[in-house]
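K.L.:
Counting from 1087, one number per residue, gives the positions in the sequence shown under this note's numbering.
Glycine included, each C-beta is placed from N, C-alpha and C at the ideal position.
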Amino acid sequence: MNIKMANIAEKFLCLTSDIEQGEGLQVIIEGYPPLAVFHLEDGEFYVTDDTCTHGDASLADGEIDGCEVECPFHAGAFDIKTGEPCGAPCTIPLKTYQSIVREDRVYLVE
């Protein structure tokens, strides 16, 4: 039997304690656009592109309501879990990334 193991790489983003529940944090790592790490009220962490697809705003600075983040510039909104726009004027989905939490650290999974 021939089994191939996927090359999985993890990039450290932040400590879980760096982000309060219901908040976001902008993270810059080499090879990626600015990222937003969100710590939702349910305790889960999610990673998306940080820049709004409608305007040049940091979504990590936006208001979080449930699993949605509101852009601080034009009040458009995105579903943090899926990246789908859920409030005008945003119409282009936001890129999301797989992440993992291990030993109080949040990692981006490549």
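#1: Does DSSP put D1151 in a helix, in a strand, or in coil?
#2: Taking C-beta to C-beta, are E1189 and K1097 nearer than 9 Å?
#3: Could you tell me the alpha carbon to alpha carbon distance between C1176 and A1095, rounded to whole angstroms?
#4: What span of residues does the beta strand (DSSP E) with P1171 cover, start to end?
#5: Which residues does DSSP list as the beta-bridge partners of D1165?
#6: In the DSSP assignment, find the beta strand (DSSP E) that holds Q1112 and state where it starts and stops.
#7: Taking the C-alpha atoms as reference points, what is the distance between P1119 and D1151?
#8: Below 9 Å between beta carbons: does that hold for G1173 and T1182?
#9: Per the DSSP calculation, T1182 is bridged to which residue(s)?
P.N.:
Working from what's here:
#1: Residue 1151 sits at position 65 when you count from the first residue of the sequence shown. Of the three classes helix, strand and coil, the one that applies to D1151 here is strand, per DSSP.
#2: The residue given as residue 1189 occupies position 103 in the sequence shown. The residue given as residue 1097 occupies position 11 in the sequence shown. For E1189 and K1097, no; Cβs fall outside 9 Å.
#3: Residue mapping note: residue 1176 aligns to position 90 of the sequence shown, counting from 1. Residue mapping note: residue 1095 aligns to position 9 of the sequence shown, counting from 1. Rounded to whole angstroms, C1176 to A1095 spans 32 Å at the Cα level.
#4: In the sequence shown, counting from the first residue as 1, residue 1171 sits at position 85. 1171-1173 is the span of the beta strand (DSSP E), which, as asked, contains P1171.
#5: Residue 1165 sits at position 79 when you count from the first residue of the sequence shown. Residue pairing of D1165 in beta bridges, as defined by DSSP: E1154.
#6: As a working mapping, residue 1112 is identified with position 26 in the sequence shown. Q1112 -> beta strand (DSSP E) spans 1109-1113.
#7: Looking up residue 1119 in the sequence shown gives position 33. Looking up residue 1151 in the sequence shown gives position 65. Whole-angstrom Cα-Cα distance: 24 Å.
#8: The residue you call residue 1173 lines up with position 87 of the sequence shown. The residue you call residue 1182 lines up with position 96 of the sequence shown. For G1173 and T1182, no; Cβs fall outside 9 Å.
#9: On the sequence shown, position 96 is the one that residue 1182 refers to. Bridge partners of T1182: T1134.
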